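Before any comments, here is the structure.
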Amino acid sequence: MNKTFVIAFILILRMSYAQQTQVVDFKKAHALLNVDADSLRVSGQVSYQFKILKAVDSIYLDAVNMNFNKVEILQDSVKLASASYTNLKDKIVFKYPFQKNKDYTVRFKYEAKPKKALYFLKREEEPQIWTQGQGKYTSHWFPSLDDVNDKIIFNLSLEGWDNYTFVANGVALAEERLHNGKLKRSYQMQQPMSSYLLALVLGRYEKTTKVSDRGIPLEQYYYPKDSLKVEPTYRYSEKMFNFLEQEIGVPYPWQVYKQVPVHDFLYAGMENTSLTIFSDAYMVDDIGFNDKNYVNINAHELAHQWFGDLVTATSGEHHWLQEGFATYYALLAERDIFGEDYYYFKLLESVIDLSHQELSGKGTSLLDPKSSSLTFYQRGAWVLHVLRGVVGDQVFKQAVKRYLDKHQFGTVKTTDFISEVEKGYGRSLSSFVNYWIKNKAFPYEKAFERLKKQSPAVNEFAMVDCEAKTSKCAEYLKYYVSDKAKAKVISQVPDLVNAETFKNNLKVRQAIAQYVTKIPESIKTEYESLLEDNSYVTIEKALYNLWTNFPLDRSKYLAKTRDVSGFNDKNVRLLWIVLNLNTPYYQTDNKQRLFDELVDYTGEQYNVELRMGAFNYLNLMSACNEQCRANLETAKTHHNWRMVKFAKELSNKLEENKK
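All the letters of the sequence shown, read from the start, carry residue numbers 12 to 670 under this note's numbering.
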């Protein structure tokens, strides 16, 4: 066939498909899935119920590189003999003279070996499988619709995997044994959602279940060996759930809320409807909670259950309606836990980050679909913070409630939200929209001035400045200013730290460990006490600084920290191994075993953060041996883009060093 004709045909085909939501409404999907971890394949029996809105001779589902068989189109449970289908590379097209206002069902069997969206992993020699659909990728593993404007009720079932936990969107139904002897487990949704929010997880898990004030089950999953991490990881979950229901003013819209950690997730978390999947790097113990906890991500993904899942942006132009709202309401939930100062300092961090983006010339309008995550998330949250201050709490909260009620289970644009605010406010917000939303530049100076007026703590932080060292700087560390202000002083003039400064709390002591890298003999004893802090960040930095400053005491510091592992990325353990290997005469009979352990951590059985840490240390030591290089080569094909980018860059560096 002529190449030009083929291209023209494809363009016409895509144009005709672009507005499918105007001619057909897919209502409900039922699927019985079979997942094969050995062949990396998924197959299943699927049926879709739909209604034709305008007479049309073909409709489609997005289906990337899938095989189909036993395809049937039915009306009133009767198979339509004249119906047919075409299996394209990224779609399956169903052909029949569909009649307006008529209901139909299509059912079929399919098989796919997805290259994205459904990930087959091994964690501690056990299979773990999970999905990530945001970015219009669900159609790589499940025949669906990439268009977010078409919302469908999805009900997933799985056969087999009797000894593993299966989690999907919705409420779990009673298990049943199929005629083939396999166990069938099913989940049922009551309301529709966009297909990018369809999700499943398979793996070894246990769970604990809490109940919200309104009776919603809150299921919290964890690896069997992580029972001691459950409380610190999920800390404040119930409190935040109840707070957000009250603050938003609209009841949680789904039947249940589940949270599941997975190995090497692509992001921090993902707000699949009723089922948040998050990185197991955020499974922390009591000490880890003080440095790197799940609270903000927990609140952010929960807020998405309203903003993104209940109401979904029609296109990338309005993406801030999801990420900006989720970021803002997560901050409100954290303010309810940690207080006003925490809230305003988080807003200050956003202003600083946004100002750097502006000064680098990368600032964009909030309505630019190509904007950065920083713009969608942080600037979006700032818009809501300022807007609430302009129109008042009552008008703002009532507008949010009307907005959600009016557009629930539908899709929205920025004007849909702004119009609801204008109704309550009684006047136009066009100037506000132009200045804060449409304007390419973010007014960071005005935002900073607003913050200083709203928060005494932020104002004090701004005033405490020791770039030009004065006599006041030492006084700041002696007397009461906020921990944030003290940390700022320490970052600017670390030589002011004395024995008294160590009497401050955890955050100030963290700043000492970070910025006081040359340790005077006069504070050596106090500095050594940092190794006992409930902070893996502090221990890691203090260990390195003490080892560097006091060579004669290296054995003492290594002995004191030998059993500390750190976060899931073993930050302290990795440093400890490297320092041990570089400490002559300390555990000399143990050096090879420790080196082998460090190399082993580069293997694909470990999480991305741990592997990258081990690779970095081996590179610094110029000790990336044959096994290390083999693991680096394997890392180049990892599903996580951060691992791939890291592996390629490090591989290039190693090659350059050879020359």
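Here a beta-carbon is modelled for each residue, glycine too, at the ideal position from N, C-alpha and C. On a predicted model such as this, the values are computed, not experimentally measured, just so you know.
Between threonine 325 and chain B, is any beta-carbon pair separated by less than 8 angstroms? Judged by its chain identifiers, the structure shown contains no chain B, having just a single protein chain.
Among all the DSSP beta bridges, which residues are the ones paired with valine 655? Answer is none; valine 655 lacks a bridge partner.
Spatial neighbours of asparagine 470 within its chain, please: CB distance less than 7 angstroms, with the 5 preceding and 5 following residues excluded, ordered by chain position. Excluding residues within five positions, the ones whose Cβ falls inside 7 angstroms are Lys463.
Is the stretch 407–418 touching the stretch 252–261, taking contact as three or more C-beta pairs under 8 angstroms? Yes: the two stretches touch, three or more of their Cβ pairs being nearer than 8 angstroms.
Minimum C-alpha distance to tyrosine 305 - residue among Tyr268, Ser384, Glu345: Glu345
Entirely within the stretch 239–289 and at least 4 residues each: give me those alpha helix (DSSP H) ranges in chain order. 241–244, 248–259
Within 8 angstroms, strictly: CB atoms of leucine 544 and leucine 517: In the sequence on display, residue 544 carries aspartate and not leucine. Cβ atoms of aspartate 544 and leucine 517: closer than 8 angstroms.
Here's the rule: buried if 16 or more other CB atoms are within 10 angstroms of the residue's CB, otherwise exposed. What is glutamine 201? Counting Cβ neighbours within 10 Å, glutamine 201 comes out exposed, since fewer than 16 surround it.
Between which two residues does the beta strand (DSSP E) containing aspartate 675 stretch? Shown here, the chain extends from 12 to 670; a query on residue 675 therefore has no answer.
Could you check what DSSP says for threonine 422 in three-state terms: helix, strand or coil? strand
Less than 7 angstroms separating the Cβ of threonine 645 from some heavy atom of the ligand PLP? Within the structure as shown, the ligand PLP is missing, as the structure has no ligands at all.
So, for glutamine 368: in the same chain, excluding its five sequence neighbours on each side, which residues have a beta-carbon less than 8 angstroms away from its beta-carbon? Gly374, Ser383, Leu385, Thr386, Phe453
For isoleucine 18, which residues in the same chain have their Cβ closer than 7 angstroms to its Cβ, ignoring the five residues on either side in sequence? Unreliable placement is indicated for isoleucine 18, whose pLDDT of 41 sits below 50; no coordinate value is reported for it.
Identify whether phenylalanine 513 lies in helix, strand or coil by the three-state DSSP scheme. helix
Using CA atoms only, rank isn't needed, just tell me which of Val82, Gln110, Ser88, Tyr339 is closest to threonine 97. Closest option to threonine 97, Cα to Cα, is Val82.
Return the CA-CA distance between histidine 649 and isoleucine 227, expressed in angstroms with no decimal places. 37 angstroms
Answer yes or no: do aspartate 224 and asparagine 618 have a C-beta to C-beta separation smaller than 8 angstroms? no
Report the rounded CA-to-CA distance for glutamate 486 versus lysine 480, giving the unit in angstroms. 12 angstroms
Given this structure, state the Cα-to-Cα distance separating tyrosine 130 from leucine 621, to the nearest angstrom. 20 angstroms
In the DSSP assignment, the alpha helix (DSSP H) including leucine 10 goes from what residue to what residue? Given a span of 12 to 670 for the chain in the structure shown, any question on residue 10 remains unanswerable.
Shortest alpha-carbon distance to glutamine 110 belongs to which of Lys120, Met77, Asp73, Leu64? Ranking Lys120, Met77, Asp73, Leu64 by Cα distance to glutamine 110 puts Leu64 first.
Mapping DSSP to helix, strand and coil, what is threonine 15? For threonine 15, the pLDDT reaches just 43, beneath the cut-off of 50, and the residue's location in the model is therefore unreliable, although a value from the coordinates is still provided. The answer is helix: DSSP assigns threonine 15 an H, G or I state.
Report the residue ranges of all alpha helix (DSSP H) runs contained in full by the stretch 316–361; include only those spanning at least 4 residues, in chain order. 331–349
Report the residue from Thr325, Glu230, Glu328, Glu360 whose alpha carbon sits nearest the alpha carbon of leucine 342. Glu360
Round the Cβ separation of asparagine 166 and tyrosine 121 to the nearest angstrom and send it over; I've been treating them as touching at under 8 angstroms. Between tyrosine 121 and asparagine 166 the Cβ distance is about 16 angstroms, and since that is not below 8 angstroms, they are no contact.
Decide if serine 27 is buried, meaning its Cβ has at least 16 other Cβ atoms within 10 Å, or exposed. Per-residue confidence for serine 27 stands at a pLDDT of 48, beneath the threshold of 50, marking its modelled position as unreliable; the derived number appears in the next sentence. It is exposed - the Cβ of serine 27 has fewer than 16 other Cβ atoms within 10 Å.
Taking the alpha-carbon positions, what's the valine 589 to leucine 563 distance? 17 angstroms
Report all residues from its chain with a CB closer than 7 angstroms to the CB of leucine 229; omit the five preceding and five following residues, and keep chain order. Thr220, Lys221, Val222, Ser223, Ser248, Glu249, Phe252, Tyr268
Throw me the rounded Cβ distance for the tryptophan 141 and valine 212 pair, which I believe falls under 8 angstroms. Correct: roughly 5 angstroms between the Cβ atoms.
Pull up the distance between the alpha-carbon of lysine 354 and that of leucine 208, whole angstroms please. For clarity, residue 354 is tyrosine in the given sequence; the question names lysine instead. Pairing tyrosine 354 with leucine 208, the inter-Cα distance amounts to about 29 angstroms.
CA-CA distance, lysine 659 and lysine 647? 6 angstroms
DSSP puts valine 114 in a beta bridge; with which residues? The sequence shown places aspartate at residue 114, not valine. Paired residue(s): Lys62.
Does the stretch 83–95 come close enough to the stretch 153–160 that 3 or more CB-CB pairs lie under 8 angstroms? No, because fewer than three Cβ pairs between the stretch 153–160 and the stretch 83–95 fall closer than 8 angstroms, the two stretches do not touch.
Throw me the rounded Cβ distance for the leucine 277 and glutamine 143 pair, which I believe falls under 8 angstroms. A Cβ-Cβ separation of about 5 angstroms places leucine 277 in contact with glutamine 143 under the 8 angstroms criterion.
Taking proline 108 as the reference, which of Val34, Asn180, Gln56 has the closest Cα? Val34
Only counting the same chain, and skipping five residues up and downstream in sequence, which positions put a Cβ closer than 8 angstroms to that of leucine 22? Because the pLDDT of leucine 22 is 42, which lies under 50, any placement of that residue in the model is unreliable, and the number read from its coordinates should be weighed accordingly. Around leucine 22: no qualifying Cβ.
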